[in-house]
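Following this note's numbering, the residues of the sequence shown are numbered contiguously, the last one being 349.
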Amino acid sequence: MSSSEFSSSKLSIRSKSDLIDKVFDAITTSGEEGVFQTELCKLFSLDSRDGSRLVGNLEKQSLITREKALYNGRWTYKLVVKKTIPVADIEQKPIDLSSIDGAPCICCTFQHLCSIDDESNSISPAKCQIIEEWVTTSFNKFVLISQSEQCGELIN
Ligand code: SF4
């Protein structure tokens with residue numbers, strides 16, 4: 194990374210937010226090789242305390258990594274942008290909706306009146322006969338399924 198790449202950015206920096214963006218862009222531009230914190234401070238005319246705070250902020254946001262490194266005989270940090278995982282590479286896990294299967298609230302005609310916030314409200318999950326029956330039935334089904342699975346395991 195050369196000073197000339199950043200000399201123009203020094204002139205256009207107007208706010209702290211702009212500065213953070215510019216510094217992050219600079220770290221991103223340096224790619225996997227990264228950039229030394231000392232070098233970055235010099236290029237953006239930051240003293241070491243401000244520079245440290247600024248990159249610390251980026252590190253807290255998990256945007257960069259900061260590793261101790263020797264540069265021109267002095268200890269500083271090597272700053273590298275964190276790699277982002279493409280959405281396509283993120284493992285898609287199926288969503289299990291079995292626990293709310295048949296829940297009465299989904300199609301309840303009183304849903305708009307139902308609330309847990311007001312204890313004086315006569316329509317609430319705490320006082321609802323429909324949901325109580327659904328929970329009891331679901332629990333009984335769960336117990337039956339668990340018992341039959343245990344029986345199957347014993348037979349096999
Ligand atoms: S708790 Fe009862 S009244 Fe409230 S939305 Fe669910 S089914 Fe309807």
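Quick reminder that beta carbons are idealized off the backbone N, C-alpha and C, glycines included.
None of these values were measured; they are calculated from a predicted model.
Quiz item: Tell me which same chain residues have a C-beta within less than 8 Å of the C-beta of S223, skipping the five on either side of it?
Solution: The answer, listed in chain order, is M194, L272, V273, V274.
Quiz item: Does the beta-carbon distance from F303 to I316 come in below 8 Å?
Solution: Contact: yes.
Quiz item: Counting along the chain, where does the alpha helix (DSSP H) carrying K219 start and finish?
Solution: The identity of residue 219 in the sequence shown is Ala, whereas the question assumes Lys. Where A219 is concerned, the enclosing alpha helix (DSSP H) stretches over 209-222.
Quiz item: What number of angstroms, rounded off, separates the C-alpha of S200 from the C-alpha of A219?
Solution: For S200, the predicted structure reports a pLDDT of 43, less than 50, and the residue's modelled location is therefore unreliable. The matter cannot be settled from this model.
Quiz item: What residue does the alpha helix (DSSP H) around E226 start on, and which one ends it?
Solution: If you look at E226, you'll find it isn't in any alpha helix (DSSP H); DSSP assigns it neither H nor E.
Quiz item: How many Å lie between L247 and V280 at the Cα?
Solution: Their Cα atoms are separated by approximately 28 Å.
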